[in-house]
Amino acid sequence: MLISWDWLSQYVRLTVDPDTMALKFAMAGLNHESTSDLGYDTVLDLEVTSNRGDCLGHIGVAREAAVLLDQTLQIPQVELSPSAERADACIQVENQFLDGCPEYSARVMRGVRVGPSPDWLRRRLEAVGINSVNNIVDVTNYVMLECGQPLHAFDLQHLRGGKIVVRRARPGEQFLAIDHRTYTLDEQMVVIADAERTVA
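FYI, in the numbering used here the residues of the sequence shown are 2 to 201.
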């Protein structure tokens with residue numbers, strides 16, 4: 002897991018240098034793989050084991066750092082105003098694979114304009130190895146890397162049949178991903194589909 006020092010410092014006062022913090026993380030069970038100095042940021046590569054899913058995002062790692070450094074965690078407050086339109090009024094979410102995805106939710110946002118991301122967002126993503134695509138894709142990646150919760154944005158007008166279906170991949174099913182590569186899937190994988198095809 003690549004962790005941006007600059008990003009981490011948004012949530013906790015870092016009172017030690019990155020090398021010292023890496024040692025403290027290692028003592029807490031987050032093994033340090035490497036440190037990279039990018040000039041504008043320092044990136045720690047931490048091995049997050051399966052029992053430390055709480056550290057799959059910058060906030061989780063910041064929580065750990067706050068404990069190790071005896072500092073206060075400062076999580077940004079988010080106020081999400083109620084949507085004027087319920088998601089289930091225009092899209093049906095159906096989960097057919099609860100073992101693979103115990104929870105899935107949707108929200109509809111209208112009036113979204115696709116465009117380039119601001120420089121700060123591009124730099125922050127690029128520091129942790131994610132190429133900027135556009136403001137919509139970038140913000141979903143940002144939130145995932147911030148809180149460790151995967152999410153995806155779909156263009157509602159391109160979802161066929163008015164459905165989002167969480168299901169097992171079919172054996173040998175192929176999927177063209179956002180990186181323009183085709184992947185062959187197996188039945189152990191979770192896919193998100195509309196009424197006709199896999200979309201994520």
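A virtual CB, placed ideally from N, CA and C, is assigned to each residue, including glycine.
Integer Cβ distance of THR50 from PRO19, believed to fall under 8 Å:
That pair is no contact at about 21 Å.
Helix, strand or coil for LEU51 per DSSP?
Note on identity: in this sequence residue 51 is Ser, with Leu being the wrong assignment. Residue state, collapsed to three classes: helix.
Using the three-state DSSP reduction, which class does ARG123 fall into: helix, strand or coil?
helix
Determine which residues share a DSSP beta bridge with ALA154 and list them.
For ALA154, which the question treats as bridged, DSSP gives no partner whatsoever.
Are LEU15 and HIS33 touching if we call contact CB-CB under 9 Å?
no
Runs of 4 residues minimum, wholly inside the stretch 89–137: which ones carry the alpha helix (DSSP H) assignment?
120–128
Which runs of the beta strand (DSSP E), 3 residues or longer, sit entirely within the stretch 153–190?
164–169, 175–177 and 183–185
Where ARG53 and TYR184 are concerned, what is the direct C-alpha to C-alpha distance, given to the nearest angstrom?
28 Å
Quick one, are the C-beta atoms of LEU165 and ILE137 less than 9 Å apart?
The sequence shown places Ile at residue 165, rather than the Leu named in the question. No, the Cβ-Cβ distance between ILE165 and ILE137 is not below 9 Å.
Opposite HIS16 in the DSSP bridges: which residues?
Reading the sequence as shown, one finds Thr at residue 16 and not His. THR16 pairs with nothing; no bridge assigned.
In the DSSP assignment, what residue or residues form a beta bridge with LEU3?
ASP46
Alpha carbon to alpha carbon, how far is VAL13 from PRO77? Give it in angstroms, no decimals.
11 Å
Are the stretch 155–170 and the stretch 85–94 touching by the rule of at least three beta carbon pairs closer than 8 Å?
yes
Enumerate in chain order the residues of its own chain whose CB-to-CB distance from SER122 is below 7 Å, with the five nearest sequence positions on each side excluded.
It should be pointed out that residue 122 corresponds to Leu in this sequence rather than to Ser. Contacts found: ASP139 and TYR143.
With 16 other Cβ atoms within 10 Å as the buried cut-off, status of THR199:
buried
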